[in-house]
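*Asks:*
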Amino acid sequence: MSTMASVGTEKQGLKMLVTAGPGAQKMVGIWLFGSAAWVFSMVVLGGVTRLTRSGLSMTDWKFAGNLPPLSDEEWQQEFEKYKQSPEYKRVNKGMSIEEFKFIYWMEYAHRMWGRALGVMFALPFSYFLRKGYITMRLGLRLSALFALGAGQGLIGWWMVKSGLEEPASEYVEPRVSPYRLAAHLTSAFVIYSGLFWTALSVVMPEPPAESLAWVQGAAKLKRLAIPVSLIVGITALSGAFVAGNDAGRAYNTFPKMGDVWVPDNIFELKPTIRNFFENTSMVQLDHRILATTTLISICGLWWSTKKLDIHPAIRTLVGATFGMAALQVTLGVSTLLSYVPVSLGTAHQAGALTLLTLMLLLNHTVRRPSMSLLKTLPQVTKTAWSVMLAALAGMALAAPLLGMMGFSFLATLTLLFITSPLLLIFSPLLLFAGLVLMGALVGFAIAATMAFAGVSTLAWMYREIRGSLGFGSRRGQLVPG
7 MSTMASVGTE KQGLKMLVTA GPGAQKMVGI WLFGSAAWVF SMVVLGGVTR LTRSGLSMTD
67 WKFAGNLPPL SDEEWQQEFE KYKQSPEYKR VNKGMSIEEF KFIYWMEYAH RMWGRALGVM
127 FALPFSYFLR KGYITMRLGL RLSALFALGA GQGLIGWWMV KSGLEEPASE YVEPRVSPYR
187 LAAHLTSAFV IYSGLFWTAL SVVMPEPPAE SLAWVQGAAK LKRLAIPVSL IVGITALSGA
247 FVAGNDAGRA YNTFPKMGDV WVPDNIFELK PTIRNFFENT SMVQLDHRIL ATTTLISICG
307 LWWSTKKLDI HPAIRTLVGA TFGMAALQVT LGVSTLLSYV PVSLGTAHQA GALTLLTLML
367 LLNHTVRRPS MSLLKTLPQV TKTAWSVMLA ALAGMALAAP LLGMMGFSFL ATLTLLFITS
427 PLLLIFSPLL LFAGLVLMGA LVGFAIAATM AFAGVSTLAW MYREIRGSLG FGSRRGQLVP
487 G
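Last residue of the sequence shown? That's 487 in the numbering used here, and every number before it is there in order.
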């Protein structure tokens, strides 16, 4: 059997990315979705590493990686290396070796998790090539994504090196270049988007198209979804510059920035273009404006679906995207007002990638069907793909909203316990007990809501599948054109 099919195969009039039948298609799809989820976790772990100021704890880099310190002597050697860095001298002077171990392990875990991803991707890729499951078109795409993943490690080290250099001024804290951090994060988003889109293309070769009217409605929605997706991407990129300039710890008020709507120092750097990437005031103002624009744009997208004749699952997906956008703005404001705690900052970064995921799913769903499928539309009833899409939309609506609500609430409770003036009046133990009880009650309510949503979704999926498949009849199958 050849290692790679030279052309895409045709099955039921559809051009497929995977050969050898539904079993191979399912295996490759699971592998690609798993790889995308791994990259998602890498982005979240990278956010935690940055927010805990752990990224500069390892002062060297080896492509193949290396073992962590295993003895007290080795730990002391690593600590001595870190003591020579500008971050230790200006920020962490006097840090204990136990505190150093924490930030070291965070950075080490981030690096090794990335290397493990490379192995997890390469081994199944080689196996599927050997079995001949992957077409030439898919093989080239995955090879490009693998090369980007390998280069991501180099970009990460290039970013870290900028933070190991002495700052230009003695009053400036050492930190990585915002340009390099933006490049590192953007590269991760590109890899994730490529993997997720490809996984969707493998398991859903064609969009749900059960009538010409729905196809026309999807085409109109696509013309709106593409520019909105571009706004979402630009907003995420601006967030990288907020992180790179540590701008989230300035102007911790909303909606005003301090006492004004627009700070008067937004154009203090020369040339003017630098202000959009290096000026803390301008960078945060840009992100506020872009985030608001994103929310309004997605709201408009959701409102437009009320007048379009489109697949019900697509309508649900747009609603989920609007809900996620509202939650992401809420998380952003909460993070700002709370002076960027690790929990909320991480949730906000994960929320950006979740919103991007929903926009990718939407754009993939409203793409134009192939001519072979369009010819069959008069004879097509509900397909299994429409059921899968509706299930994805339902889960996309429930999981981010409920899960991140709970995460945000617990972080807020922690902040309240730390800063509450009630500690000056009541016993700390009594206040802590009250907060724990309140957290338990709200946690129970969230868990009950998630359970109800899960059961409802499963029941709905059962009814949809039973109705669409007609109790084992041949309804729901595409009729070859």
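Note that CB positions come from ideal geometry on N, CA and C, so glycine has one too. Here the structure is a predicted model, which means the values were calculated and not measured.
Looking at the structure shown, is Ile140 part of a helix, part of a strand, or coil, going by DSSP?
*Replies:* Along the sequence shown, one-based indexing puts residue 140 at 134. Ile140 falls in the strand class under three-state DSSP.
*Asks:* Enumerate in chain order the residues of its own chain whose CB-to-CB distance from Val324 is below 7 Å, with the five nearest sequence positions on each side excluded.
*Replies:* Residue numbering aside, residue 324 sits at position 318 when the sequence shown is read from its first letter. Leu307, Trp308, Thr311 and Leu368.
*Asks:* With distances taken between CB atoms, is the gap from Ile304 to Val372 smaller than 8 Å?
*Replies:* For the purposes of this step, residue 304 is taken as the residue at position 298 of the sequence shown. For the purposes of this step, residue 372 is taken as the residue at position 366 of the sequence shown. Cβ distance not < 8 Å, so Ile304 and Val372 don't count as in contact.
*Asks:* Whole angstroms is fine: what's the gap from Ala43's alpha carbon to Thr204's?
*Replies:* Within the sequence shown, numbered from 1, the residue matching residue 43 stands at position 37. Within the sequence shown, numbered from 1, the residue matching residue 204 stands at position 198. Each residue's Cα considered, the two are about 13 Å apart.
*Asks:* With DSSP run on the structure shown, which of helix, strand or coil describes Val266?
*Replies:* In the sequence shown, residue 266 corresponds to position 260, counting from 1. Note: Val266 maps to strand in three-state DSSP.
*Asks:* Under three-state DSSP, which class holds Val24?
*Replies:* Mapped onto the sequence shown, residue 24 falls at position 18. Strand, per DSSP.
*Asks:* Would you call Trp111 buried or exposed, if buried means 16 or more other Cβ atoms sit within 10 Å of its Cβ?
*Replies:* Position 105 of the sequence shown holds residue 111. Trp111 is exposed by the Cβ-count criterion.
*Asks:* How far does the alpha helix (DSSP H) with Ile304 in it extend, from its first residue to its last?
*Replies:* Reading the sequence shown from its first residue, position 298 is the one you call residue 304. Boundaries of the alpha helix (DSSP H) harbouring Ile304: Thr286 to Ser310, taken from the DSSP string.
*Asks:* To the nearest angstrom, how far is it from the Cα of Val221 to the Cα of Glu212?
*Replies:* Taking the sequence shown and counting its residues from 1, one reaches residue 221 at position 215. Taking the sequence shown and counting its residues from 1, one reaches residue 212 at position 206. Going from the Cα of Val221 to the Cα of Glu212 covers about 12 Å.
*Asks:* Using 10 angstroms around the beta-carbon of Glu274, count the other beta-carbons present and answer buried if the total reaches 16, otherwise exposed.
*Replies:* Walking along the sequence shown from the start, residue 274 turns up at place 268. By the neighbour-count rule (16 or more Cβ atoms within 10 Å), Glu274 is not buried but exposed.
*Asks:* Have a look at Ala331 and Asp292 and give me their C-alpha separation to the nearest angstrom.
*Replies:* By one-based count along the sequence shown, residue 331 stands at place 325. By one-based count along the sequence shown, residue 292 stands at place 286. Whole-angstrom Cα-Cα distance: 17 Å.
*Asks:* What distance in whole Å lies between the Cβ atoms of Met64 and Ala194, which are believed to be in contact at a cut-off of 8 Å?
*Replies:* Within the sequence shown, residue 194 is the residue found at index 188, counting from 1. Within the sequence shown, residue 64 is the residue found at index 58, counting from 1. At roughly 19 Å, the Cβ-Cβ gap does not stay under 8 Å, so Ala194 and Met64 are not in contact.
*Asks:* Can we say the segment 23-40 touches the segment 334-345, given the rule of at least three CB pairs closer than 8 Å?
*Replies:* Touching, no, given that fewer than three Cβ pairs across the two stretches are closer than 8 Å.
*Asks:* Take His123 and list the residues in its own chain whose beta-carbon comes closer than 8 Å to its own, dropping the five residues that flank it on each side.
*Replies:* For the purposes of this step, residue 123 is identified with residue 117 of the sequence shown, where counting begins at 1. A small correction: the amino acid at residue 123 is Leu; His does not occupy that position in the sequence shown. Only Ser41, Trp44, Val45, Met48 and Gly155 meet the Cβ criterion.
*Asks:* Give the single residue among Gly157, Phe106 and Arg280 whose Cα lies nearest to the Cα of Tyr185.
*Replies:* Walking along the sequence shown from the start, residue 185 turns up at place 179. The option with the nearest alpha carbon to Tyr185 is Arg280.
*Asks:* Could you tell me the distance, in whole angstroms, from the CA atom of Ile240 to the CA atom of Ile232?
*Replies:* Taking the sequence shown and counting its residues from 1, one reaches residue 240 at position 234. Taking the sequence shown and counting its residues from 1, one reaches residue 232 at position 226. The straight-line gap from Cα to Cα measures roughly 13 Å.
*Asks:* Candidates Ile302, Gly157, Gly29 and Thr25: which alpha carbon is nearest Ile237's?
*Replies:* Position 231 of the sequence shown holds residue 237. Answer by Cα proximity: Ile302.
*Asks:* Can you give me the C-alpha to C-alpha distance between Ile161 and Tyr114, rounded to a whole angstrom?
*Replies:* By one-based count along the sequence shown, residue 161 stands at place 155. By one-based count along the sequence shown, residue 114 stands at place 108. Going from the Cα of Ile161 to the Cα of Tyr114 covers about 16 Å.
*Asks:* Within the same chain, show all residues whose beta-carbon is closer than 6 Å to that of Asn251, passing over the 5 residues directly before and after it, in chain order.
*Replies:* To locate residue 251, count along the sequence shown from 1; it is residue 245. Answer for Asn251: Pro184, Thr286 and Val289, listed in chain order.
*Asks:* In whole angstroms, give me the CA-to-CA distance for Trp267 and Ala256.
*Replies:* If you number the sequence shown from 1, residue 267 lands on position 261. If you number the sequence shown from 1, residue 256 lands on position 250. Between Trp267 and Ala256, the C-alpha separation is close to 14 Å.
*Asks:* Quick one: grab the DSSP three-state call for Ile320.
*Replies:* Here residue 320 refers to the residue found at position 314 of the sequence shown. Ile320 falls in the helix class under three-state DSSP.
*Asks:* For His190 versus Met210, is the C-beta distance shorter than 8 Å?
*Replies:* As a working note, residue 190 is residue 184 in the sequence shown. As a working note, residue 210 is residue 204 in the sequence shown. Against a cut-off of 8 Å, the Cβ pair of Met210 and His190 comes out as no contact.
*Asks:* Please report how far the alpha carbon of Thr25 lies from the alpha carbon of His370, in whole angstroms.
*Replies:* Position 19 of the sequence shown, counted from the first residue, corresponds to residue 25. Position 364 of the sequence shown, counted from the first residue, corresponds to residue 370. Cα to Cα, the separation comes out at about 21 Å.
*Asks:* Once you ignore the five residues that flank Glu172 on each side, which residues in its own chain have a CB closer than 8 Å to its CB?
*Replies:* Within the sequence shown, the letter at position 166 stands for residue 172. Only Pro92 and Pro180 meet the Cβ criterion.
*Asks:* By Cβ distance below 7 Å, which residues in the same chain neighbour Asn258 in space, the five residues on each side in sequence not counted?
*Replies:* Looking up residue 258 in the sequence shown gives position 252. Only Leu342, Leu343 and Tyr345 meet the Cβ criterion.
*Asks:* Does the segment 118-133 come close enough to the segment 79-86 to have 3 or more Cβ pairs within less than 8 Å?
*Replies:* Touching, no.
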